[in-house]
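These notes are about the structure you will find just below.
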Amino acid sequence: PQSVAAKNRRERISERLKILQELVPNGSKVLAADEFWPAQGGKAPDLSQVREAIDAILASQRDTNSSCK
Numbered sequence: 001p002q003s004v005a006a007k008n009r010r011e012r013i014s015e016r017l018k019i020l021q022e023l024v025p026n027g028s029k030v031l032a033a034d035e036f037w038p039a040q041g042g043k044a045p046d047l048s049q050v051r052e053a054i055d056a057i058l059a060s061q062r063d064t065n066s067s068c069k
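Going by the UniProt record's numbering, the residue at position 60 of the sequence shown is 60; the numbering climbs one at a time, nothing skipped.
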C-alpha cells in the first residue's frame, strides 16, 4: 500500500512537471545549475563560498553605514 501511494504521488508530480515544462520555453532543456551558477561551470557553490560571499556583503554594508554617519 505504501509503495503504491508513493508511485501514484511520483506519477502526479511527473505529470505536473511535464505541464510546467510545456509552459516554459525550452523548459525541458533548462539545467538549473547552469542557469543559477554559470560562473562555476554549472556547479553549485560550496557552503563555505556562500558564507564568504555573505560575510563580504555584510562587511561592505557595515562600512557603508559607518561612513554615512
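Where is the CB? At the ideal position from N, CA and C, for every residue including glycine.
Here the structure is a predicted model, which means the values were calculated and not measured.
Q | Residue interval of the alpha helix (DSSP H) (run including V4) | A | For the purposes of this step, residue 4 is identified with residue 4 of the sequence shown, where counting begins at 1. Q2 to L23 is the extent of the alpha helix (DSSP H) around V4.
Q) By how many angstroms is the C-alpha of Q2 removed from the C-alpha of R9? A) Counting from 1 along the sequence shown, the entry for residue 9 is found at position 9. Counting from 1 along the sequence shown, the entry for residue 2 is found at position 2. C-alpha separation (whole angstroms): 11 angstroms.
Q. Out of curiosity, what's the CA-to-CA distance linking V50 and R62?
A. The residue given as residue 50 occupies position 50 in the sequence shown. The residue given as residue 62 occupies position 62 in the sequence shown. Taken atom to atom, the span from the alpha-carbon of V50 to that of R62 is near 18 angstroms.
Q.
According to DSSP, simplified to helix, strand and coil, what is D46?
A. Taking the sequence shown and counting its residues from 1, one reaches residue 46 at position 46. Coil at D46, not helix or strand.
Q. If we ignore side chains and look at the alpha-carbon of each, how far apart do S60 and L20 end up?
A. Against the sequence shown, residue 60 aligns to sequence position 60. Against the sequence shown, residue 20 aligns to sequence position 20. About 39 angstroms.
Q. Alpha carbon to alpha carbon, how far is T64 from I57?
A. Counted from its first residue, the sequence shown places residue 64 at position 64. Counted from its first residue, the sequence shown places residue 57 at position 57. Going from the Cα of T64 to the Cα of I57 covers about 11 angstroms.
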